[in-house]
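Before any comments, here is the structure.
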Amino acid sequence: MNKLNKLSTFNGVQGPVLTIVMDGVGIAPDTAGNAVSLAYTPTLDRIMKEYPMVTLKAHGTAVGLPSDDDMGNSEVGHNALGAGQVFAQGAKLVTQSIESGKMFASETWQTLIGGVKTNNSTLHFLGLFSDGNVHSHIDHLKAMLVQAKAEGVNRVRIHILIDGRDVGETSALEYINPFEAFIADLRDESFDIVIASGGGRMKVTMDRYEADWSMVERGWKTHVLGEGRQFASAAEAVETYRAELGVIDQDLPPFVIAKDGTPVGTINDGDSVIFYNFRGDRAIEISKTFDAAEGEFDKFDRVRVPAVLYAGMLEYDGDLHIPHRYLVNPPEITNTMGEYLANTGVKQYAISETQKYGHVTYFWNGNKSGKFSDELETYVEVPSDVVPFEQRPWMKCAEITDKLIEALEAGEYTYYRVNFPNGDMVGHTGSLLATRCSMEALDLQLARILAVVDKLGGVALITADHGNADEMYECDKKGQPKVSKDGKYKAKTSHTLNPVPCIVYDNTDAKNSYTVKADRRESDRQFGLSNVAATMVNLMGYEAPDMWDESIIEVK
């Protein structure tokens, strides 16, 4: 059992030690699209000015992604925060598996391909349709289509979930039109391949944390049953909905591709289905829906449950084994902060609302469901509102703070962690006004929390998992918002490549026992999210394990 050793020269802070994750709050130039700097945030402004702060790299290789062109996300971010180490993540694992041929040699791939060949049935691909590289990558889909044809599959149907969130908010046709040309080149007398259905990612299929099962139900009806408004092509569906509803891509209603009034790609007995997203949070519910046998599913009436071979790109939940079949083994994240603290007997408290509850628990703990110790850990979920976040941009930050303060004042725990989703979830809506409001609501809660931390003689580390609210408009290469021909800014709904703040808030005498290292933003050795875990255990008076990345503080 791995335990932490006490520091010889520092007993740690006597009060509570707290990590505050301001989800989606990055550091960017002060532009017309920076909701973080535009918002009235006196508390955040003050602590960034008056307390030691370093910047953390929160994207690309710093969180295990293939390159520094890849945006960070909340999942890999919380993996790094909680593990104190960087592990190769989904996109990188899948790319390596495809390039090495391991995916296509796997038992799962061979079983699914063999099934459709034996049954003379259809191979279906379902997933997020972009190169955002946060949930999926279209190149992975293309590689599997080419391989399926090479292995003698005769019929393929593709069900596309339109992005507009991790990529441009109205970029759907930039993916659909070239892809139609790509599959047209693959199509011949022995290889029947078409797009069969689709819809916006925030309307169908990709719900998470069981916040809105109706999204999954709409997806099931669309992809499996072929029920819904019919169009001749995906491009026609997108153009029609845009003209009629004026919605951005992520909110496009579901659509079914049909010929002569008949859906071209319902999912039937004997078919094989691959959900090609590599990220787990928005893949779990649709996987449960496919995996559950007749009579073992109660979330909605599936109407018809085809006997299919279903596989995910990865195992999205390693403890609950969701899905039953998967193509690529996930990273084995070990020696996490939560595990070490539990083994050492340190009591922990984690809290967020539904939208990010899994991040301060499951992802923080290395993609592990449940607790390391029921006796030492308490996890609290505040139910999120099921409304568009731009309509209630304050989300549940006040309720989270109420419960956090209650726990802090009870004095039962040593280590606390909290995630406030505001900057990320509201930032994804593309509304600058709402995101400014979300930041101001968060700032009010920071003031409440820090006052209690002071009262209890504690310390707080305030950071984020990636940027989002810091760039609400698409930017040019100089970091300035792009202006269209009509003089308007174009909303940005995706994460950013900007660093995030890491502020050490300590008004206790303990601060005399350590120094905060100098910022390394312009250095090849820039601090990253994985440096937080060692910092937190140091503040509690413990040595960091050797395999963790270094602490941001230097104990005297």
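Note that the numbering used here has the sequence shown beginning at 11, numbered continuously upward.
Glycine included, each C-beta is placed from N, C-alpha and C at the ideal position.
Leaving out the 5 sequence neighbours to the left and right, which residues in its chain are closer than 6 Å to G538 when beta-carbon positions are compared?
-> Excluding positions up to five away in sequence, the list reads L66, K67, A72.
Extent of the continuous beta strand (DSSP E) to which R427 belongs | Counted as a single uninterrupted DSSP element, the beta strand (DSSP E) harbouring R427 occupies residues 425 to 430.
Cβ distance (whole Å) where A317 is taken to contact Y336 below 8 Å = So it is not a contact: roughly 19 Å between Cβ atoms.
Between the stretch 254 to 272 and the stretch 151 to 160, do three or more beta carbon pairs fall short of 8 Å?
-> With fewer than three CB-CB distances shorter than 8 Å, the stretch 254 to 272 does not count as touching the stretch 151 to 160.
In angstroms, rounded to a whole number, what distance separates the CA positions of H334 and V86?
-> Taking the straight line from one Cα to the other gives about 23 Å.
Pairing CB atoms from the stretch 352 to 361 with CB atoms from the stretch 401 to 408, are three or more of them under 8 Å?
-> Cβ pair count under 8 Å is below three, so no.
Could you tell me which of R165, R446, S441 sits nearest to V274, measuring between CA atoms?
-> It is R165.
With DSSP collapsed to three states, give me the class of T573.
-> As displayed, the chain neither begins before 11 nor continues past 566, which places residue 573 out of reach and without an answer.
From the DSSP output, in three-state form, read off V547 for me.
-> The answer is helix: DSSP assigns V547 an H, G or I state.
By the 10 Å Cβ neighbour count, where 16 or more other Cβ atoms means buried, how is V313 classified, buried or exposed?
-> By the beta-carbon neighbour count (other beta carbons within 10 angstroms, threshold 16), V313 is exposed.
Using the Cα positions of D534 and S200, report the straight-line distance between them to the nearest angstrom.
-> So the two alpha carbons sit approximately 52 Å from each other.
Pick helix, strand or coil for G137, following the three-state DSSP scheme.
-> Shown here, G137 sits in a strand according to DSSP, grouped into three states.
Please specify which runs of the beta strand (DSSP E), each continuous and at least 3 residues long, are wholly inside the stretch 173 to 231, giving them in chain order.
-> Under the rule that a run must span 3 or more residues, the beta strand (DSSP E) segments found entirely inside the stretch 173 to 231 read 202 to 210.
Terminal residues of the continuous alpha helix (DSSP H) containing L443?
-> L443: member of the alpha helix (DSSP H) spanning 442 to 465, first to last residue.
If we call anything under 8 Å between Cβ atoms a contact, is P555 one with I37?
-> For P555 and I37, no; Cβs fall outside 8 Å.
For L103 and P574, the rounded distance between their alpha carbons = The chain is shown from 11 up to 566; residue 574 falls before or after that span and cannot be answered.
Cβ neighbours of A93 in the same chain (closer than 6 Å, five flanking residues each side left out) | If we look at A93 and ignore the five residues flanking it on each side, its Cβ neighbours are I343, T346, G376.
Which of helix, strand or coil does DSSP assign to T338?
-> Before going further, note that residue 338 is Val rather than Thr in the sequence given. In the structure shown, V338 sits in a strand (DSSP, three-state: E or B).
Element boundaries [beta strand (DSSP E), containing Y372] = Counting along the chain, Y372 falls outside any beta strand (DSSP E), and DSSP gives it neither H nor E.
R292 classed as buried or exposed, judged by whether at least 16 other C-beta atoms fall within 10 angstroms = Per the 10 Å Cβ criterion, buried.
Buried or exposed (CB count within 10 angstroms, at least 16 for buried), K13 = The residue is exposed, with fewer than 16 neighbouring Cβ atoms inside 10 Å.
Pull up the CB-CB distance for V96 and G74, whole angstroms please, since I reckon it's below 8 Å.
-> 5 Å between Cβ atoms; contact.
With DSSP as the reference, label I168 as helix, strand or coil.
-> In this structure, I168 counts as strand in the three-state DSSP scheme.
Determine, using beta-carbon pairs with one atom in the stretch 136 to 147 and one in the stretch 114 to 122, whether at least three such pairs fall under 8 Å.
-> Segments in contact, no.
Can you have a look at T128 and say buried or exposed, based on whether 16 or more other CB atoms are within 10 angstroms of its CB?
-> Its Cβ having fewer than 16 others within 10 Å, T128 is exposed.
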